[in-house]
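Residue numbering for the sequence shown follows my numbering, starting at 252 and increasing by one per position.
Take a look at the structure set out below.
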Amino acid sequence: MDDLVAAGCPEQSVAFFASERPDVWSAALVPAGTGQFIVENTAHLPRRRRYNIAHEMAHVLLEHEFDRVMFSAEGRRGCANPASKDQEWEAAELGAELLLPYAAAYEAAKAHKINEQVADLFDVSIPVARWRMNGTGARIVAQRTAAKWANFRMGT
Ligand SMILES: [Zn+2]
Numbered sequence: 252m253d254d255l256v257a258a259g260c261p262e263q264s265v266a267f268f269a270s271e272r273p274d275v276w277s278a279a280l281v282p283a284g285t286g287q288f289i290v291e292n293t294a295h296l297p298r299r300r301r302y303n304i305a306h307e308m309a310h311v312l313l314e315h316e317f318d319r320v321m322f323s324a325e326g327r328r329g330c331a332n333p334a335s336k337d338q339e340w341e342a343a344e345l346g347a348e349l350l351l352p353y354a355a356a357y358e359a360a361k362a363h364k365i366n367e368q369v370a371d372l373f374d375v376s377i378p379v380a381r382w383r384m385n386g387t388g389a390r391i392v393a394q395r396t397a398a399k400w401a402n403f404r405m406g407t
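Below, the structure written as structure tokens:
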């Protein structure tokens, strides 16, 4: 967003989104010819920015087709994309996977890392760390595997 003024965007518009209403949008995926580019709100915290960019990148990696600018906003898990809730779900899952892959979440679970440690380790927010550790099943699979091996060692 900081580069938009140099690209010709009115300074007042950028200032509005940067300081007056930074909460109204997080990132946007903008179609441009045969490609797309991401505009992200640089007023947000770094971990939030990483999540926003990963989400928009996921739309591109998933080859989602869209004919309009897609915006994501604070408090919303995904873009304002009335055309497809499925695409938002896919982008949310892949975006989170890019930041904290399942295999890494499983290793963190085996090492008994708590959500705050995982968040710091992967530079994600605590809610994203909690989501990946629990929502992917990494933590419960690690617990079940440990219990299975403990039972095996005890001969039960
Ligand atoms: Zn989205």
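Beta carbons are placed, not taken as given, at the ideal position from N, Cα and C, and that holds for glycine.
Query	Result
I believe Ala356 touches Met384 by the beta-carbon criterion, under 8 angstroms. Please report the beta-carbon distance rounded to the nearest angstrom.	6 angstroms
Could you pull out every residue in the same chain whose Cβ sits closer than 6 angstroms to the Cβ of His310, ignoring the five residues on either side in sequence?	Leu280, Ala342
Answer yes if the region 295–308 comes into contact with the region 260–269, meaning at least three C-beta pairs across the two stretches below 8 angstroms, and no otherwise.	no
Let me make sure I understand the geometry here. Which of Ser277, Val392, Leu313, Thr293 has the alpha-carbon closest to that of Lys361?	Val392
Measuring from the CB of Ser335, is there a heavy atom of ligand 1 at a distance below 7 angstroms?	no
Between His295 and Met405, what straight-line distance do the alpha-carbon atoms span, to the nearest angstrom?	51 angstroms
Can you give me the C-alpha to C-alpha distance between Glu262 and Arg381, rounded to a whole angstrom?	38 angstroms
If you count every other CB in all the chains shown that lies within 10 Å of the CB of Val275, and 16 or more means buried, which is it?	exposed
Residue range of the alpha helix (DSSP H) that Ile304 falls in?	297–312
Excluding the five sequence neighbours on either side, which residues of its own chain have a C-beta within less than 8 angstroms of the C-beta of Thr293, listed in chain order?	Met252, Asp253, Ala269, Arg300
With DSSP as the reference, identify every bridge partner of Ser323, one or two as the case may be.	Ala278, Cys330
Could you check the C-alpha separation between Glu339 and Asp371 for me, to the nearest Å?	26 angstroms
Leaving out five residues on either side along the sequence, give the residues of the same chain with a beta carbon under 8 angstroms from the beta carbon of Ala313.	The residue asked about is misnamed: residue 313 is Leu in this sequence, not Ala. These residues qualify, in order along the chain: Gln338, Glu341, Ala342, Leu345.
Tell me, to the nearest whole angstrom, how far the beta carbon of Val375 is from that of Leu350; I am working on the premise that it is less than 8 angstroms.	5 angstroms
Using a threshold of 8 angstroms, state whether the C-beta atoms of Ser277 and Ser323 are closer than that.	yes
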